[in-house]
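With this note's numbering as the guide, the letters of the sequence shown map in order to residues 3 to 352.
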Amino acid sequence: MRAARITAAGEPLEVAEVADPVPRAGEVRVRVRSAGVCHSDLHLWEGGYDMGGGKLLKVTDRGVRFPVTPGHEVAGTVDAVGEGVDAVGVGDEVLVYPWAGCGACPACEAGAENVCDAPRSMGIFQDGGYAEMMIVPGQGYLARLDGVGMDEATSLACSGLTAYTAVKRAGAGGARNIVIIGAGGLGLMGVQIAKATTGANIVCVDLDDEKLKTASGMGAAHVVNSGADGAAQRVIEACGGAGAEGVIDFVNAPPTAALALDVVRKRGTVVMVGLFGGSFQLPLVSVPLRAITIQGAYTGTYSDMVELIGLARRGAIRPVVSKRYPLDGANDALSDLKARKIVGRAVINP
Numbered sequence: 003m004r005a006a007r008i009t010a011a012g013e014p015l016e017v018a019e020v021a022d023p024v025p026r027a028g029e030v031r032v033r034v035r036s037a038g039v040c041h042s043d044l045h046l047w048e049g050g051y052d053m054g055g056g057k058l059l060k061v062t063d064r065g066v067r068f069p070v071t072p073g074h075e076v077a078g079t080v081d082a083v084g085e086g087v088d089a090v091g092v093g094d095e096v097l098v099y100p101w102a103g104c105g106a107c108p109a110c111e112a113g114a115e116n117v118c119d120a121p122r123s124m125g126i127f128q129d130g131g132y133a134e135m136m137i138v139p140g141q142g143y144l145a146r147l148d149g150v151g152m153d154e155a156t157s158l159a160c161s162g163l164t165a166y167t168a169v170k171r172a173g174a175g176g177a178r179n180i181v182i183i184g185a186g187g188l189g190l191m192g193v194q195i196a197k198a199t200t201g202a203n204i205v206c207v208d209l210d211d212e213k214l215k216t217a218s219g220m221g222a223a224h225v226v227n228s229g230a231d232g233a234a235q236r237v238i239e240a241c242g243g244a245g246a247e248g249v250i251d252f253v254n255a256p257p258t259a260a261l262a263l264d265v266v267r268k269r270g271t272v273v274m275v276g277l278f279g280g281s282f283q284l285p286l287v288s289v290p291l292r293a294i295t296i297q298g299a300y301t302g303t304y305s306d307m308v309e310l311i312g313l314a315r316r317g318a319i320r321p322v323v324s325k326r327y328p329l330d331g332a333n334d335a336l337s338d339l340k341a342r343k344i345v346g347r348a349v350i351n352p
């Protein structure tokens with residue numbers, strides 16, 4: 003089969019013939035029909051995360067080993083099964099839950115493999131979906147699509163799943179106002195999910211007016227360009243004058259983190275999601291005096307993904323797929339994503 007592999011940080015992906023993977027007992031081989039192009043793939047390709055102050059958290063320090071085939075948002079058909087697999091069969095259309103854990107840490111025991119202490123995530127720590135086929139280490143990591151389109155389904159395994167988790171946290175307690183910072187693939191999904199699952203007034207913030215226009219069409223009651231003068235005050239006013247109970251930062255860069263803390267109201271929650279990176283100074287006394295909560299969100303659980311597929315099946319959310327690339331175009335896909343040329347999601351169709 004053919005696969006697009008990262009051989010070294012920062013180097014072009016190498017598209018080459020590799021041996022067809024053979025499923026062992028308990029494993030499933032999926033023929034990839036669609037693989038989402040995610041910002042996490044960019045970080046894997048570039049080799050790390052910006053920690054601020056000139057520091058880089060290398061992906062190899064987290065346990066990644068090159069060469070590796072990226073792609074953790076994968077939809078396809080079951081192609082072959084190993085001994086003992088009986089929940090899926092050849093030909094089934096499935097979405098891969100890529101966030102495999104160790105199975106033994108407290109998170110895994112609680113069903114939250116996405117925050118495992120020793121993750122084995124597909125497309126990061128083991129080969130993923132930028133290939134014609136991939137191995138899934140267990141049938142419990144597959145969910146039937148049952149009518150949801152494969153290109154549209156891919157984002158439900160990561161960006162949609164992350165947005166779903168973030169909206170749950172930001173909307174906890176019946177938030178009246180939810181501010182969504184970033185109108186990229188994650189943010190647009192967050193707008194739709196917040197619209198479908200909460201009764202909140204939704205305010206979306208971004209630097210790009212075209213993306214903000216898309217956010218308005220997907221359910222944002224108010225949009226604010228963060229590059230405009232007085233952007234924070236405009237957001238607060240859109241929330242009724244006191245700020246938002248829930249703020250989700252899908253960018254998580256120093257300017258957006260500062261904006262999030264400016265617009266969250268007393269007793270509110272800031273959910274940091276994006277991996278843009280960097281650092282910023284926080285007036286520590288403001289946290290207890292305002293009784294605000296600052297927390298992170300990283301993907302979600304398998305059961306969350308199944309719930310999300312249900313929302314898509316009912317038409318409550320509509321993942322946006324704006325560009326499609328062949329496997330040979332994997333480098334172009336990542337370059338276009340880095341250059342902010344993609345609205346919503348791009349997919350690779352091997």
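Yeah, the Cβ is synthetic: ideal placement off N, Cα and C, and Gly gets one too.
*Is Phe282 buried or exposed, if buried means 16 or more other CB atoms sit within 10 Å of its CB?*
The residue you call residue 282 lines up with position 280 of the sequence shown. Phe282 comes out exposed.
*Touch check for the region 158-173 and the region 231-239: three-plus C-beta pairs under 8 angstroms?*
no
*Just the C-alpha distance for Ser228 and Cys241, rounded to the nearest angstrom, thanks.*
By 1-based counting over the sequence shown, the position of residue 228 is 226. By 1-based counting over the sequence shown, the position of residue 241 is 239. Going by the C-alpha atoms only, they are around 15 angstroms apart.
*Residue ranges of each beta strand (DSSP E) run of no fewer than 3 residues wholly in the region 68-134, ordered along the chain?*
76-83, 95-98
*According to DSSP, is Val289 helix, strand or coil?*
Taking the first residue of the sequence shown as position 1, residue 289 is located at position 287. Of the three classes helix, strand and coil, the one that applies to Val289 here is helix, per DSSP.
*Use the C-beta contact count for Asp251: other C-beta atoms within 10 angstroms, 16 or more gives buried, fewer gives exposed.*
As a position in the sequence shown, residue 251 is number 249, starting the count at 1. That one is buried.
*Can you tell me whether Val54 is buried or exposed, with buried defined as 16 or more other CB within 10 angstroms of its CB?*
In the sequence shown, the residue the question calls residue 54 occupies position 52. The sequence shown places Gly at residue 54, rather than the Val named in the question. Exposed is the call here.
*With DSSP as the reference, label Gln297 as helix, strand or coil.*
The sequence position of residue 297 within the sequence shown is 295, counting from 1. Strand.
*asked:* Mapping the DSSP letters down to three states, classify Val43 as helix, strand or coil.
replied: Position 41 of the sequence shown holds residue 43. Per the sequence presented here, residue 43 reads as Asp, with Val not at that position. Note: Asp43 maps to helix in three-state DSSP.
*Please list, in chain order, all residues of the same chain as Glu16 whose beta carbon is under 6 angstroms from its beta carbon, the five residues on each side excluded.*
Looking up residue 16 in the sequence shown gives position 14. For Glu16, where only same-chain residues beyond five positions count, the Cβ hits under 6 angstroms are Arg7, Thr9.
*Measure the CB-CB distance between Leu336 and Val39 and report whether it falls below 8 angstroms.*
Here residue 336 refers to the residue found at position 334 when the sequence shown is read from its first residue. Here residue 39 refers to the residue found at position 37 when the sequence shown is read from its first residue. Cβ atoms of Leu336 and Val39: closer than 8 angstroms.
*C-beta atoms of Glu115 and Ala102 nearer than 8 angstroms*: Translated into the one-based positions of the sequence shown, residue 115 becomes position 113. Translated into the one-based positions of the sequence shown, residue 102 becomes position 100. In this structure, Ala102 lies closer than 8 angstroms to Glu115 by Cβ.
*Extent of the continuous alpha helix (DSSP H) to which Leu144 belongs*: Taking the first residue of the sequence shown as position 1, residue 144 is located at position 142. No alpha helix (DSSP H) holds Leu144; the beta strand (DSSP E) holding it covers 144-146.
*Going by C-alpha distance, which of Thr200, Ile137, Ala89, Leu144 is nearest Val98?*
Translated into the one-based positions of the sequence shown, residue 98 becomes position 96. The shortest Cα separation from Val98 among Thr200, Ile137, Ala89, Leu144 belongs to Leu144.
*Does DSSP put Asp306 in a helix, in a strand, or in coil?*
Counted from its first residue, the sequence shown places residue 306 at position 304. Helix, per DSSP.
*Any idea if Glu134 is buried or exposed, counting beta-carbon neighbours within 10 angstroms, 16 or more meaning buried?*
Along the sequence shown, read from residue 1 onward, the residue named residue 134 stands at position 132. Looking at its Cβ environment, which holds 16 or more other Cβ atoms inside 10 Å, Glu134 is buried.
*Can the beta-carbon of Asp208 be found less than 8 angstroms from the beta-carbon of Gly189?*
Start at 1 with the first residue of the sequence shown, and residue 208 comes out as number 206. Start at 1 with the first residue of the sequence shown, and residue 189 comes out as number 187. Yes, these two residues count as a Cβ contact at 8 angstroms.
*How many Å lie between Val34 and Phe278 at the Cα?*
Here residue 34 refers to the residue found at position 32 of the sequence shown. Here residue 278 refers to the residue found at position 276 of the sequence shown. Going by the C-alpha atoms only, they are around 28 angstroms apart.
*Would you mind giving the Cβ-Cβ distance between Val180 and Thr200, rounded to the nearest angstrom? I have them listed as a contact below 8 angstroms.*
One-based indexing of the sequence shown puts residue 180 at position 178. One-based indexing of the sequence shown puts residue 200 at position 198. The sequence shown places Ile at residue 180, rather than the Val named in the question. Contact holds; Cβ gap of about 7 angstroms.
_Three-way DSSP call (helix, strand, coil) for Ile238 in this model_ = Position 236 of the sequence shown, counted from the start, is the residue given in the question as residue 238. Correct three-state label for Ile238: helix.
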